[in-house]
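Asks:
Number of protein chains: 2
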Amino acid sequence: MDENSKYKELLNREGIKSTRHRNAILELLEESEFPQTAEQLFITLREKTASIDLSTVYRTLDTFASKNLVIKSNRVDDGKALYELNHNEHKHHILCVGCHKLISIEDCPIGELKQTLKNKIDFDITGHKLEIYGYCHDCKKYKLPPGNHDNL
Amino acid sequence: MDENSKYKELLNREGIKSTRHRNAILELLEESEFPQTAEQLFITLREKTASIDLSTVYRTLDTFASKNLVIKSNRVDDGKALYELNHNEHKHHILCVGCHKLISIEDCPIGELKQTLKNKIDFDITGHKLEIYGYCHDCKKYKLPPGNHDNL
DNA sequence: ATGCAAATGCAAGGCAGTTGCATTTGGCGA
DNA sequence: TCGCCAAATGCAACTGCCTTGCATTTGCAT
Ligand SMILES: [Mn+2]
Ligand SMILES: [Mn+2]
Ligand SMILES: [Zn+2]
Ligand SMILES: [Zn+2]
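Protein chains in written order, with the numbering used here: chain F, 2 to 153; chain D, 2 to 153.
Here's what the structure looks like:
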């Protein structure tokens, strides 16, 4: 195999084979600023590289997720699965419900809660998912939709 | 209609009709300690009350969600939709990945973050979803699965 | 080069949720 | 109380996301 093997060592380290598709998917994820759906990745892959089947995309992403190479989450509005490279940095996204812009933030408020729960009910937190939404600077001008948004 | 109309006023206040199914679903949600899937509700409804169609359950729950009577979320492991009554109290659940037990907590760490983001990037948070998982007291004995769980 | 397990393509299938349409029902006004 | 009509429901087909079974191809160790 040629120098599609950019991630050969990484993949072998995880005990899986280095293939054209796996390299392409990792490369694409590395270029992506935000979590992508399988289909978004699939379409891009078809455009820029070779033929690939959607099922291969799913299987590859699931494999990567099981190795903790990628993080799988769910889109807030439609629940569709999202995949992003695991940079092992702790970050979250906030979604503007006005313009649907995603903004990355490095703040995470779980730290204290971790200790609190440990003390209160002897629960060991190993992970969490946090999605925040609201209105960005540019979208403040729009009125809030009716209803209590603060109970989620 | 007889005294299935327990929630008539509430429903009329929201501008929708009081029906047998809507009352039954609200009643069932009120009895439920934790968020339920549409199918769980559907099955219980069939057992304890009359015949109802699954599509009616979905439509009813969506209607309730749009009125902010119920909160729709997604299960952590399979992404399936969950529905719970909106008690307008701010709470979260933590999931034990050992025994799959759900525990309600009233702690929420978003408050400070709200102000932080307001100051830093002029973003107004209107809501958030937080799912926490880990190991409960009883499940500590089980080993943690390999991999970094702390990057979600 | 050879062999074999792993990866992939292809097509069918599974399942949560949605939708169109005919029928029923709640609530209101006569 | 009756009749009306929009709203709600049942039913069945359908969509879309994702999975799976199986035949073929490919990575890679020997
Ligand atoms: Mn976090
Ligand atoms: Mn909260
Ligand atoms: Zn915006
Ligand atoms: Zn447990």
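Virtual Cβ for every residue (Gly too), placed ideally from N, Cα, C. Since we're looking at a predicted model, the values are computed, not measured.
1. With 16 as the cutoff for other CB atoms within 10 Å, does L145 of chain F come out buried or exposed?
2. Just checking my contact of L86 of chain F with E31 of chain F at CB under 8 Å: how many whole Å lie between their CB atoms?
3. What would DSSP say about V58 of chain D, mapped onto helix, strand or coil?
4. The beta strand (DSSP E) spanning G135 of chain F covers which residue range?
5. Does the beta carbon of C100 of chain F fall short of 7 Å from some heavy atom of ligand 3?
6. L114 of chain F to D108 of chain D, Cα distance in whole Å?
7. Which partner residues does E85 of chain D have in the DSSP bridge list?
8. When the Cα atoms are used, what is the spatial distance from V98 of chain D to K142 of chain F?
9. I'd like to check one pair, G135 of chain D with T127 of chain F: are the Cβ atoms closer than 8 Å?
10. Give a yes or no on whether 8 Å exceeds the smallest Cβ distance from H150 of chain F to chain D.
11. For V71 of chain D versus Y59 of chain D, is the C-beta distance shorter than 8 Å?
12. Any Cβ of chain D within less than 8 Å of the Cβ of E64 of chain F?
13. Quick one: using the 10 Å Cβ neighbour count with 16 as the cut-off for buried, is P147 of chain F buried or exposed?
14. Give a single yes or no on whether C97 of chain F has its beta carbon closer than 7 Å to a heavy atom of ligand 3.
15. With respect to 7 Å, is the separation between the Cβ of C109 of chain D and the closest non-hydrogen atom of ligand 4 below this value?
16. Give me the chain D residues within the contact set of K102 of chain F, using Cβ-Cβ distance strictly less than 7 Å, ordered along the chain.
17. Considering just the uninterrupted stretch of the beta strand (DSSP E) at I157 of chain F, what are its terminal residues?
18. Quick check on this structure: which residue in F:H91, F:A25, F:K102 has the alpha carbon closest to the alpha carbon of G112 of chain F?
19. Does the beta carbon of H22 of chain F come closer than 8 Å to any beta carbon on chain D?
20. Classify K18 of chain F as buried or exposed, calling it buried when 16 or more other Cβ atoms lie within 10 Å of its own Cβ.
21. L96 of chain F and E132 of chain F - do their beta-carbons sit closer together than 8 Å?
22. Nearest chain F C-beta to T127 of chain D closer than 8 Å, yes or no?
23. What is the DSSP secondary structure of K142 of chain F, reduced to helix, strand or coil?
24. Along chain F, in chain order, which residues have C-beta atoms closer than 8 Å to that of H138 of chain D?
25. From the DSSP output, in three-state form, read off H93 of chain D for me.
26. Under the three-state reduction of DSSP, which class applies to D151 of chain D: helix, strand or coil?
27. Under the criterion of a Cβ to heavy atom distance below 7 Å, does Y59 of chain D qualify as lining ligand 3?
Replies: A quick look at the data gives this:
1. Unreliable placement is indicated for L145 of chain F, whose pLDDT of 47 sits below 50; no coordinate value is reported for it.
2. That belief holds up - the Cβ atoms of L86 of chain F and E31 of chain F are roughly 6 Å apart, short of 8 Å.
3. helix
4. 125-136
5. yes
6. 8 Å
7. D:I72
8. 42 Å
9. yes
10. At H150 of chain F the pLDDT is 41, less than 50, meaning the model places this residue with poor confidence; the figure from the coordinates comes in the next sentence. With 8 Å as the cut-off, H150 of chain F counts as an interface residue toward chain D.
11. At the C-beta level, V71 of chain D and Y59 of chain D stay beyond 8 Å of one another.
12. The sequence given here has Thr at residue 64 of chain F, not Glu. Judged by the 8 Å Cβ criterion, T64 of chain F is not in contact with chain D.
13. In this prediction, P147 of chain F scores a pLDDT of 36, lower than 50, which makes its location untrustworthy; the coordinate-derived value is nonetheless stated afterwards. So P147 of chain F ends up on the exposed side.
14. yes
15. It does not: the Cβ of C109 of chain D is nowhere closer than 7 Å to a heavy atom of ligand 4.
16. Ordered by position in chain D, no residue passes the 7 Å Cβ test against K102 of chain F, which lies about 10 Å from the chain.
17. Beyond the ends of chain F as shown, which are 2 and 153, falls residue 157 of chain F; an answer cannot be given.
18. F:H91
19. Chain D contact via Cβ: absent.
20. K18 of chain F sits exposed, since fewer than 16 C-beta atoms from the chains shown fall within 10 Å of its C-beta.
21. yes
22. It does: the Cβ of T127 of chain D has a partner Cβ on chain F nearer than 8 Å.
23. Here K142 of chain F sits in coil by DSSP.
24. I122, D123, F124
25. Three-state DSSP puts H93 of chain D in a strand.
26. In this prediction, D151 of chain D has a pLDDT of 44, which is less than 50 and means its spatial position is unreliable; nothing more can be read from the coordinates.
27. no
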